[in-house]
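Position 10, counted from 1, in the sequence shown is what numbering that gives the first Met the number 0 calls 9; the numbers after and before it change by one each time, with no gaps.
Read the structure below first, then the notes.
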Amino acid sequence: MDDNFLTLAIHTSEHALALKKILEAHGIEVKLQNYVASSAPIAVGVRVMIYEKDLPMALKVTESIEHLTSMNMGNIFSGHKGELLLPVDFNDYSICACKAGFDLANYLHLKPVLLHAYPTPVFSTSFSLDEASNLGIDNSLEEEYNEVELSKDLQKQGKKRMKALIATLHEQQKEGLLPDLPFDARMEDGVAEDVIKEYCRLSPPSLVVMVTRGKEKKGEQLIGSVTAEVLDDCRVPLLSIPENCNFTLMKNLKEVIYLCNLDQHDLICMDTFMRMFEYPEVNITLIPTSDKQDKGLKNKLFNLKNYFATTYPAAHFTTAIFPAKTFMADFNNYESQRGTELIIVPNRKKNAFMRLFNPGIAHRLLFERDLPLLALPI
Numbered sequence: 000m001d002d003n004f005l006t007l008a009i010h011t012s013e014h015a016l017a018l019k020k021i022l023e024a025h026g027i028e029v030k031l032q033n034y035v036a037s038s039a040p041i042a043v044g045v046r047v048m049i050y051e052k053d054l055p056m057a058l059k060v061t062e063s064i065e066h067l068t069s070m071n072m073g074n075i076f077s078g079h080k081g082e083l084l085l086p087v088d089f090n091d092y093s094i095c096a097c098k099a100g101f102d103l104a105n106y107l108h109l110k111p112v113l114l115h116a117y118p119t120p121v122f123s124t125s126f127s128l129d130e131a132s133n134l135g136i137d138n139s140l141e142e143e144y145n146e147v148e149l150s151k152d153l154q155k156q157g158k159k160r161m162k163a164l165i166a167t168l169h170e171q172q173k174e175g176l177l178p179d180l181p182f183d184a185r186m187e188d189g190v191a192e193d194v195i196k197e198y199c200r201l202s203p204p205s206l207v208v209m210v211t212r213g214k215e216k217k218g219e220q221l222i223g224s225v226t227a228e229v230l231d232d233c234r235v236p237l238l239s240i241p242e243n244c245n246f247t248l249m250k251n252l253k254e255v256i257y258l259c260n261l262d263q264h265d266l267i268c269m270d271t272f273m274r275m276f277e278y279p280e281v282n283i284t285l286i287p288t289s290d291k292q293d294k295g296l297k298n299k300l301f302n303l304k305n306y307f308a309t310t311y312p313a314a315h316f317t318t319a320i321f322p323a324k325t326f327m328a329d330f331n332n333y334e335s336q337r338g339t340e341l342i343i344v345p346n347r348k349k350n351a352f353m354r355l356f357n358p359g360i361a362h363r364l365l366f367e368r369d370l371p372l373l374a375l376p377i
């Protein structure tokens, strides 16, 4: 059995035991072995050894350890299944978001959490003596009072609409239109994208589900899209579903496109997808987004396909390569012919400058395609 193990890391005994506990909490079998250097008569470290098949998941876990809080680790060890976050703004497609989110939560054994953000007026409590003289202290106080009342009114309206949405969801659960799952509802003051990102940072859910406007409406609000803003900084998996899309349950999923970088992140992303959805029997097309169309790219893609086919035998993997100049046109033709139901994108965090001058493929697909898009952070 030792021949099937590989060395993931070499640590001190204390750190090796801690890593072993974390990996085993994720279902990874671990073996510890003393490491004796040729120049030392005693063990100078401990090898942390795992099965080769568990390498993608182990890499993901070890790269994420610094982000794990004590609360998150407590949830892991206590068997906590996690949450599915559903941002809602009470528009017509909020029910669509809840339908998709509850179905996914039921499939993934997660608890749905509704989250609504209501804006808070900006208070201006400081002013100069000249301003005070010109405006009058009484007028200034009156403006402040009106802002406070407006904030209270927005909160009151939000609570009223959330209560109505909860009642609608309970009614649909009784009618069998939604899975009968317990769920929570939260309201926070602030800008929607900031509230969602802060929630994901402080209490990371297992998945965020957001419904986006249809392709014909997205152009009107390209700048400032809440989903796009969250996509840039969210470090948890995010699934965006167009409002006019007939969402396919994951258990019925057949055709998937995975946009790959041809690096180690592909191993982590694919393993995340497979584990999250319990190794689905799907057809997955690997499409590289690299600008270099050389023999090296073809070899890397071929080797990646073979690795995935061996590691995930339930799925069927194919490949396609499109020239950089005609990538989107070729991609559009290919996905429509295949009847693609989901696009998976490794989502690399970028700074504001890069987002402005070099928009990522995830952004382009988000705004140009009416297809569900699963962005997995790397």
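Every residue, glycine too, gets a C-beta built ideally from N, C-alpha and C.
Note that the coordinates shown come from a computational prediction; the quantities given were computed from them, not determined experimentally.
Is Ala116 near Glu187, with beta carbons less than 8 Å apart? Taking 8 Å as the Cβ cut-off, Ala116 and Glu187 qualify as a contacting pair.
Any 3 or more C-beta pairs closer than 8 Å across the stretch 199 to 213 and the stretch 227 to 244: Judged by Cβ distances under 8 Å, the stretch 199 to 213 makes contact with the stretch 227 to 244, as three or more pairs qualify.
Whole-number beta carbon distance between Ala96 and Leu83, since they are thought to touch under 8 Å: No, Leu83 and Ala96 are not in contact; Cβ-Cβ is about 11 Å, not under 8 Å.
Does any CB atom of chain D fall closer than 8 Å to the CB of Asp183? Looking at the structure shown, chain D is missing, and only one protein chain is on hand.
Residues near Asp270 in its chain [Cβ-Cβ closer than 6 Å; skip 5 each side]: Non-local C-beta neighbours of Asp270 in its own chain, meaning closer than 6 Å and more than five positions away in sequence, comprise Pro55 and Met56, ordered along the chain.
Selection from Gln263, Phe101 and Val225 that minimises the alpha carbon distance to Lys299: Ranking Gln263, Phe101 and Val225 by CA distance to the CA of Lys299 puts Gln263 first.
Taking only three categories from DSSP, how would you classify Glu334? Helix.
Taking the alpha helix (DSSP H) that Thr317 belongs to, which residues open and close that run? Where Thr317 is concerned, there is no enclosing alpha helix (DSSP H), although the beta strand (DSSP E) it sits in stretches over His315 to Thr318.
Can you tell me whether Ser93 is helix, strand or coil according to DSSP? Three-state result, Ser93: helix.
Beta carbon of Val112, beta carbon of Pro204: below 8 Å? Taking 8 Å as the Cβ cut-off, Val112 and Pro204 qualify as a contacting pair.
Is it right to say Ser224 is buried, meaning 16 or more other beta carbons lie within 10 angstroms of its own, or is it exposed? So Ser224 counts as buried.
Can at least three beta-carbon pairs, one atom from the stretch 312 to 321 and one from the stretch 268 to 284, be found at a separation below 8 Å? A contact is defined here as three or more CB-CB pairs under 8 Å, and the stretch 312 to 321 meets this definition with respect to the stretch 268 to 284.
Whole-Å CB distance - Ile380 paired with Asp53, under 8 Å assumed: Given a span of 0 to 377 for the chain in the structure shown, any question on residue 380 remains unanswerable.
For the beta strand (DSSP E) that contains Gly295, what are its first and last residues? Counting along the chain, Gly295 falls outside any beta strand (DSSP E), though it belongs to the alpha helix (DSSP H) covering Lys294 to Thr310.
According to DSSP, residues forming a beta bridge with Pro241: Its beta-bridge partners are Thr211.
Which residues does DSSP list as the beta-bridge partners of Thr284? Thr284 pairs with Ile256 and Thr317.
Within its chain, find whatever has a CB closer than 7 Å to the CB of Leu303; leave out the 5 residues flanking it on each side and keep chain order. These residues qualify, in order along the chain: Cys259, Leu261, Asp265 and Leu285.
Go through its chain and collect everything with a Cβ distance to Ala163's Cβ below 7 Å, but skip five positions before and after it. Once the five neighbours on either side are set aside, Ala163 has no close Cβ partner at all.
Over what stretch of residues does the alpha helix (DSSP H) that includes Arg200 continue unbroken? Note, Arg200: alpha helix (DSSP H), Ala191 to Leu201.
Phe4 - containing beta strand (DSSP E), residue span: Phe4 to His10 is the extent of the beta strand (DSSP E) around Phe4.
Cβ-based burial, Glu334 [other Cβ within 10 Å; buried from 16]: Buried.
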